[in-house]
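Participant:
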Amino acid sequence: MKVHQILSGAGRHDAITNEALQFRSRFREFGWGGADHAARIAPGSNGSIAPLARLTVASDDVLLLHHSAGAPGLGELLRLPNPKLLLYHNVTPPEWLWDRAPVAAFRCAIGLEQLSELVQAVDVAAAASSFSAAELRSLGAGRTEVIPLLVDTSRLGPPAIRRPGGSPTVLFVGRLSPHKRQAEVIRVFSLYRRYRAPGARLTLVGDPVTADYAAGLRRLADTLAPAAVTIESSLSEAELGDRYRSADVFLCLSAHEGFCVPLLEAFHFGVPVIATPKGAVPETTGDAALLVDDTDRAVVAELLDLAVRDESLRAALRTRGEARLRSYSPDAVAVRLRAAVESTVAAAARR
Amino acid sequence: MTEPEEAVERARASAASMRASGAYGEETGGLQLGPEPVTTAKLAEWALIEPDTSVVGSTQRFGAPVTHAKRLLLRLLAQYHAEVLARQARFNVGVVGELRRLEERIDALERRLRGDDPA
Numbered sequence: 000m001k002v003h004q005i006l007s008g009a010g011r012h013d014a015i016t017n018e019a020l021q022f023r024s025r026f027r028e029f030g031w032g033g034a035d036h037a038a039r040i041a042p043g044s045n046g047s048i049a050p051l052a053r054l055t056v057a058s059d060d061v062l063l064l065h066h067s068a069g070a071p072g073l074g075e076l077l078r079l080p081n082p083k084l085l086l087y088h089n090v091t092p093p094e095w096l097w098d099r100a101p102v103a104a105f106r107c108a109i110g111l112e113q114l115s116e117l118v119q120a121v122d123v124a125a126a127a128s129s130f131s132a133a134e135l136r137s138l139g140a141g142r143t144e145v146i147p148l149l150v151d152t153s154r155l156g157p158p159a160i161r162r163p164g165g166s167p168t169v170l171f172v173g174r175l176s177p178h179k180r181q182a183e184v185i186r187v188f189s190l191y192r193r194y195r196a197p198g199a200r201l202t203l204v205g206d207p208v209t210a211d212y213a214a215g216l217r218r219l220a221d222t223l224a225p226a227a228v229t230i231e232s233s234l235s236e237a238e239l240g241d242r243y244r245s246a247d248v249f250l251c252l253s254a255h256e257g258f259c260v261p262l263l264e265a266f267h268f269g270v271p272v273i274a275t276p277k278g279a280v281p282e283t284t285g286d287a288a289l290l291v292d293d294t295d296r297a298v299v300a301e302l303l304d305l306a307v308r309d310e311s312l313r314a315a316l317r318t319r320g321e322a323r324l325r326s327y328s329p330d331a332v333a334v335r336l337r338a339a340v341e342s343t344v345a346a347a348a349r350r
Numbered sequence: 000m001t002e003p004e005e006a007v008e009r010a011r012a013s014a015a016s017m018r019a020s021g022a023y024g025e026e027t028g029g030l031q032l033g034p035e036p037v038t039t040a041k042l043a044e045w046a047l048i049e050p051d052t053s054v055v056g057s058t059q060r061f062g063a064p065v066t067h068a069k070r071l072l073l074r075l076l077a078q079y080h081a082e083v084l085a086r087q088a089r090f091n092v093g094v095v096g097e098l099r100r101l102e103e104r105i106d107a108l109e110r111r112l113r114g115d116d117p118a
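In the order they appear, the protein sequences are chains A and B. The first sequence begins at 0 in numbering that gives the first Met the number 0 and counts up one residue at a time. The second sequence begins at 0 in numbering that gives the first Met the number 0 and counts up one residue at a time.
1. Considering just the uninterrupted stretch of the beta strand (DSSP E) at Q4 (chain A), what are its terminal residues?
2. Look up H36 (chain A) in the DSSP assignment and give the residues it is bridged to.
3. Closer than 7 Å, Cβ to Cβ, to anything on chain B: give me those residues from the region 200-219 of chain A, in chain order.
4. What does P177 (chain A) reach in chain B if we use C-beta pairs closer than 7 Å?
5. Within 10 angstroms of its Cβ, does F188 (chain A) collect 16 or more other Cβ (buried), or is it exposed?
6. Taking DSSP as the reference, what is the three-state secondary structure of F249 (chain A)?
7. What is the rounded straight-line gap between the Cα of L114 (chain A) and the Cα of D35 (chain A)?
8. Distance, Cα to Cα, L170 (chain A) vs S20 (chain B)?
9. Since G257 (chain A) and N89 (chain A) should fall inside the 8 Å C-beta cutoff, what is the C-beta to C-beta distance between them, to a whole number of angstroms?
10. According to DSSP, simplified to helix, strand and coil, what is H361 (chain A)?
11. Verify the CB distance criterion: does D309 (chain A) have a CB-CB separation below 8 Å to chain B?
12. So E112 (chain A) is in the alpha helix (DSSP H); what residue range does that whole segment cover?
13. Taking only the alpha-carbon atoms, compute the straight-line gap between D309 (chain A) and A12 (chain B) and give it to the nearest angstrom.
14. S13 (chain B) versus chain A: which residues are under 7 Å apart at the beta carbon?
15. Taking a contact to mean a Cβ-Cβ separation below 8 Å, would you say L77 (chain A) touches A120 (chain A) in this structure?
16. So with CB distances below 9 Å, who are the chain A contacts of R18 (chain B)?
17. Residues of chain B with CB under 9 Å from Y191 (chain A), in chain order?
18. Given this structure, state the Cα-to-Cα distance separating K41 (chain B) from L76 (chain B), to the nearest angstrom.
19. Please tell me whether G156 (chain A) and A237 (chain A) are closer than 8 Å, where the distance is taken between their beta carbons.
20. Is E49 (chain B) close to chain A? Criterion is C-beta to C-beta, closer than 8 Å.
21. Against Y23 (chain B), what residues of chain A qualify as contacts under a CB-to-CB distance less than 7 Å, listed in chain order?
22. Any beta-carbon of chain B closer than 8 Å to the one on D122 (chain A)?
23. If you follow the beta strand (DSSP E) that V145 (chain A) is in, where does it begin and where does it stop?
24. Can you have a look at P271 (chain A) and say buried or exposed, based on whether 16 or more other CB atoms are within 10 angstroms of its CB?
25. Which same chain residues, not among the five before or five after E102 (chain B), have their C-beta less than 8 Å away from its C-beta?
26. Pick from A:L262, A:A224, A:L190 and A:D60: whose alpha carbon is nearest that of A162 (chain B)?
27. Could you say which of A:V184, A:L111 and A:R161 lies nearest to V172 (chain A) if we only look at CA atoms?
28. Less than 8 Å separating the beta-carbons of G208 (chain A) and L239 (chain A)?
29. Please return the same chain residues whose Cβ sits closer than 8 Å to the Cβ of T52 (chain B), not counting the five positions on each side in sequence.
30. Under a CB-based cut-off of 8 Å, is A315 (chain A) close to chain B?
31. What is the DSSP secondary structure of F266 (chain A), reduced to helix, strand or coil?
32. Let me confirm a value: P80 (chain A) is counted as buried when at least 16 other C-beta atoms fall within 10 Å, else exposed. Which label applies?
33. Report the option in A:E264, A:R335 and A:S311 whose CA atom is closest to the CA atom of P3 (chain B).
34. Interface residues of chain B around D293 (chain A) at Cβ under 9 Å?
35. Provide the residue span of the alpha helix (DSSP H) that contains A347 (chain A), from first to last.
36. Contact check, A343 (chain A) vs K83 (chain A) under 8 Å by CB: the rounded distance?
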């Protein structure tokens, strides 16, 4: 059997691209062939994902469509008679991006428009979270599968043996983009630093949605917490692992998440997580994070202080995080993936 | 010792107590909950494109020569880029103008519907 993966976009630090590569190595273990293609490939990608224009398919090859944004040429693919499996990773609501990144916003708007067409055309509709699966059902999908992101956290190296000493470090990892609300992370951090931990540091890791947006975050950080905020992009896996090992707490104030891989990475490193319960975040974290829906920045700043100082709270969160991570084990996800592909083939045969 | 389920409540109490002692003044504000709307005024501001060439660079570790080469290329292609930008700006300005005219028509129609401005 051949399974071809088609991605809306591919990039070196993109969670969906990483997942597709993990899927490919699982497919090889299953004895399945196929190739991986993307509608858009970011500069700096290592060549393991080919342009969509180069896709060639035989009539019984399975098409696995990873959907996270608008993809040109999708209509042509959907008209093919092949077995088709949709894996919906969610699309960022474009209203978050029109202001700062209109091109990305446009792609997201197209992606949402294409979603109902996808739901109607595929044999099996799956999503990376129940949150996203509900969206598929609202568009008419009769039955949906949930295949959580296949995340190999061990690629970032082992957790730290001891907690880092010195002043606390707050970390957030995620694309520098308005819907991830790094500006709010900076504002909350500045309060925490002012009233609770004068030597504290904040590290933001992520590729910017636009250079202009990253520059705006830099200016905000320099105004509110001069010399205390580091903003980094294009880190290697080893460097990213080091950032988690140096962190005392992970703060995620995203307004929208379809899954949020960095939460699992924080669990892997035993870093306590504070997050807003938006999108799929409560589902991904379960009871292993401190979920705070308060709009008062002072409450979030105090929660940071508690999560840094209270050792028993940290230990409880670490234990829960380890358990949560086990429930997302790559082997368990691979079993679901294989079942979904096989269901797709069976459903296509019944057409 | 704090259980995870009690942590947010404790943080709220702590924030209230800190506030009572004078901390967390008005600068705490409220979390920005929604995206910023894109107004016609903002679109008009964006319509004329003036790219900042100082942002062209390389994020690689030894990227200085790459940055230099990219900026040199920009200078060499300046004439071509000026032409592209002029055409794009013409389109942008035209669209924003059309949008303004449509807004004015909608406003007039709404006023007429409300009876403020009989035709």
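Yeah, the Cβ is synthetic: ideal placement off N, Cα and C, and Gly gets one too.
Facilitator: Checking against the coordinates, here is how it stands:
1. Start and end: V2 to A9.
2. Its beta-bridge partners are A:I5 and A:A49.
3. Residues passing the 7 Å Cβ filter: A210.
4. Neighbours of P177 (chain A) on chain B, chain order: P34.
5. Per the 10 Å Cβ criterion, buried.
6. F249 (chain A) falls in the strand class under three-state DSSP.
7. Linking L114 (chain A) to D35 (chain A) through their CA atoms gives a straight-line distance of about 20 Å.
8. One C-alpha to the other measures close to 29 Å.
9. So it is a contact: roughly 3 Å between Cβ atoms.
10. No answer is possible for residue 361 (chain A): it lies beyond the span of chain A, which begins at 0 and ends at 350.
11. In terms of beta-carbon proximity, D309 (chain A) lines the interface with chain B, with at least one pair separated by less than 8 Å.
12. Start and end: P101 to A120.
13. So the alpha carbons of these two residues sit roughly 16 Å apart.
14. Chain A residues near S13 (chain B): E301.
15. Taking 8 Å as the Cβ cut-off, L77 (chain A) and A120 (chain A) qualify as a contacting pair.
16. A297, listed in chain order.
17. Ordered by position in chain B, no residue passes the 9 Å Cβ test against Y191 (chain A), which lies about 11 Å from the chain.
18. If you draw a straight line from the Cα of K41 (chain B) to the Cα of L76 (chain B), it comes to about 29 Å.
19. In this structure, A237 (chain A) lies closer than 8 Å to G156 (chain A) by Cβ.
20. Chain A, which has no Cβ nearer than 8 Å to the Cβ of E49 (chain B), makes this no.
21. Near Y23 (chain B) (Cβ distances below 7 Å), the residues of chain A are L190, Y194 and A297.
22. Answer no: the Cβ-Cβ gap between D122 (chain A) and chain B never drops below 8 Å.
23. That run of the beta strand (DSSP E) goes T143 to V145.
24. Flag for P271 (chain A) reads buried.
25. The beta carbon of E102 (chain B) lies closer than 8 Å to those of T39 in the same chain, with the five residues before and after it left out.
26. With chain B represented from 0 up to 118, any question about residue 162 (chain B) goes unanswered, as that position is not in the structure.
27. Minimum Cα-Cα distance from V172 (chain A) among the listed residues A:V184, A:L111 and A:R161 corresponds to A:V184.
28. Before going further, note that residue 208 (chain A) is Val rather than Gly in the sequence given. Cβ atoms of V208 (chain A) and L239 (chain A): not closer than 8 Å.
29. Taken in chain order, the residues that qualify are R70 and L73.
30. For A315 (chain A), a Cβ of chain B is located within less than 8 Å of the residue's own Cβ.
31. Correct three-state label for F266 (chain A): helix.
32. Answer is exposed; the Cβ neighbour count stays below 16.
33. Measuring from the Cα of P3 (chain B), the nearest candidate turns out to be A:S311.
34. Taking a Cβ-Cβ threshold of 9 Å, the residues of chain B close to D293 (chain A) are V7, A10, R11, A14 and L30, in chain order.
35. Counting along the chain, A347 (chain A) sits inside the alpha helix (DSSP H) bounded by residues P329 to R349.
36. Looking at the sequence itself, residue 343 (chain A) is Thr, so the reference to Ala does not match. Sure, about 7 Å apart at Cβ, within 8 Å.
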